[in-house]
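This report refers to the structure that appears directly beneath it.
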Amino acid sequence: MKLAVIPGDGIGPEVVSATLKVIEAAARRFSIPLDIKVVEAGDVAARKYGKPMPDEAWKIVDSADAVLKGPVGETAYDVTSAIRMKYVLYANIRPAKNLPGVPAVKPIDCVFVRENVEDVYVGAEYRVGDVAIALKVITREGTARVARVARRYAEMRRRKVTIVTKSNVLRVVDAFFRDVARGELDGLQVEEMYVDAAAMELVRNPSRFDVVLTTNQYGDILTDLAAQVAGSLGLAPSANIGDKKAMFEPIHGAAFDIAGKGIANPIATILSAAMMFEWMGRQDAANAVRGAVEEALRRGVATPDIGGRATTEEVGRQIAAIVESWPTTS
Ligand code: ATP
1 MKLAVIPGDG IGPEVVSATL KVIEAAARRF SIPLDIKVVE AGDVAARKYG KPMPDEAWKI
61 VDSADAVLKG PVGETAYDVT SAIRMKYVLY ANIRPAKNLP GVPAVKPIDC VFVRENVEDV
121 YVGAEYRVGD VAIALKVITR EGTARVARVA RRYAEMRRRK VTIVTKSNVL RVVDAFFRDV
181 ARGELDGLQV EEMYVDAAAM ELVRNPSRFD VVLTTNQYGD ILTDLAAQVA GSLGLAPSAN
241 IGDKKAMFEP IHGAAFDIAG KGIANPIATI LSAAMMFEWM GRQDAANAVR GAVEEALRRG
301 VATPDIGGRA TTEEVGRQIA AIVESWPTTS
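Reading the sequence shown from the start, the letters are residues 1 to 330 in full-length UniProt numbering.
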C-alpha cells in the first residue's frame, strides 16, 4: 500500500509526525507493508517553489493509494480541495463521538456523511460590478453516490439517516438533493431536517442523530460544531473517500496560534489514520489505534486543549507504544 503523507502548515507537521509514529507502530504490529512518501505541499511549498502543489507533489499523490494529510493554511483550497476534486473523493466521513475522560458538551455518537465535491464549493464564483454570484451545483449522480455511502454506514449502525438541507428556502437545489438521497435510502429510517434546526438539535439533543447526510457547505459547518460537542476540534478525524483513492485528515485547520509550541492535540490525525486502516481493510490495526487512543486518554495522557499536560510528541509516543503491544487477536 502506497501512502503519501502531507505534513501541511501550522500545527500540521507536529500532529503528522506524532501520527506517523503510531502508523509505523501499527504497521509493525500487524505486518502491514506500507510504502510511505512525505510530500511538500501547502503554504510552505508555495513559498519555496511558488506553487502550493508542486509537480513533484502531484506525482507522489498520483501514484499513492491513500493520502494522510495534516491541515494546510492559506493555500488549503489549492491543496485539500484540489485533491478532493481531482480524484473525485466524493464522500467526506466525519464521525463525532465522545472519548473517555474528555469533557463533552453532551453525549454524541454520530457519523456525518458530507457530499465533498459539489455545492458552492465547485468554485464557480463571479463578480459582475456590484454583484457577486456563486453557483450551487447539485447533481443526481453526485447525490446518489454519497447517499449510498450514508446507506452503508447506517446499515452498520442504527439504520437511521437524517438528511440535512434547507429545502424550504432552496426549493430547487436542496429539494433535489433530498429527493435523490431519499431514493437511495429505502428500508432505513429517514428523516429530513433543515440545517438551522440541525445546528440547534446538535447542541440540544445530539444523541438523536445516527448518520447525518448533507451537502458540502452545511456539512463543513455542522461538523465543526459536532466536533466541539464531542469534546474538541483536536479530536475529530475525517476521511475523504472516492471509488479508487482516499485521503485522511483531521477536520481542524492549521491553528497558527498554537503552532510550534508542542501543545497541539494529535488525536484527530491519529484517529484519521485509524479510518485509513479501516479503509485498507485492516480492521485489526484500526481497532488497535482507536483502542490505544482510548487507553492513553484513560491514563490521562492528553494535551492542554482537553485538560492535560502532555506534549504532542508525548501523546504520539505513548499511543504508539500501546499499539505496539496490542494483542493481535482483538
Ligand atoms: P481553518 O479555517 O483552516 O479551519 P482556523 O484557524 O479557523 O482554521 P482551526 O485551526 O481549525 O481554525 O482551529 C481553531 C482553534 O482551535 C485554533 O486556533 C486552536 O486554538 C484550536 N485547535 C484546532 N486544532 C487543534 C488541535 N489539534 N489541538 C489543539 N487545539 C486546536
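Just so you know, even glycine gets a beta-carbon here, dropped at the ideal spot from N, CA and C.
Taking a C-beta distance under 8 Å as the contact criterion, W279 and A236 do not qualify as a contact pair. Assignment of beta-bridge partners to I133 by DSSP yields Y126. Of the other Cβ atoms in all chains shown, fewer than 16 fall within 10 Å of the Cβ of I221; this residue is therefore exposed. Contact between the stretch 208-216 and the stretch 21-39 is absent, with fewer than three C-beta pairs closer than 8 Å. DSSP, reduced to helix, strand and coil, places D243 outside both helices and strands of the structure shown, so it counts as coil. Closest in alpha carbon position to A227, among A268, A41, R47, R158, is A268. In the structure shown, V164 adopts extended strand secondary structure according to DSSP, grouped into three states. Taking A82 as the centre and dropping the five residues before and after it, the same chain places the C-beta of M53 closer than 7 Å to its C-beta, in chain order.
When DSSP states are grouped into helix, strand and coil, N92 belongs to the strand group.
A66 and D284 have their alpha carbons spaced roughly 18 Å apart. By the 16-neighbour rule on beta-carbons within 10 angstroms, Y126 is exposed.
C-alpha of I270 to C-alpha of L188: approximately 32 Å in a straight line. With 5 Å as the limit, the residues whose C-beta approaches any heavy atom of the ligand ATP more closely are L233, G234, H252, G253, A255, D257, A264, N265, D305, in sequence along the chain. The bridge partners DSSP lists for K97 are D109.
Per DSSP, the beta-bridge partners of Q189 are K160. Taken atom to atom, the span from the alpha-carbon of Y87 to that of S63 is near 12 Å. With at least 16 other beta carbons inside 10 angstroms of its own, I263 counts as buried. For T19, same chain residues with a beta-carbon under 8 Å away, outside a window of 5 residues either side, are L68, P266, T269, I270, S272, A273, G316 in chain order.
Within the stretch 248-298, no complete beta strand (DSSP E) segment of 3 residues or longer occurs.
Contact check for G8 against V72 passes: the beta carbons are separated by less than 8 Å. Beyond the five residues adjoining it in sequence on each side, V173 comes within less than 6 Å, by CB distance, of K136, I138 in the same chain, given in chain order. Apart from the 5 residues on each side of it in sequence, Y153 sits with its Cβ closer than 8 Å to the Cβ of I93, V111, V113, V211 in its chain, given in chain order. Unbroken beta strand (DSSP E) runs of no fewer than 3 residues, entirely contained in the stretch 14-67, are found at 35-38, following chain order. In the three-state reduction of the DSSP assignment, S238 falls in the strand class.
Annotation for G129: no residue places its beta carbon closer than 6 Å to its own, counting only its chain and skipping 5 residues before and after. V211: member of the beta strand (DSSP E) spanning 211-214, first to last residue. For A4, the uninterrupted beta strand (DSSP E) run begins and ends at 2-6, by DSSP.
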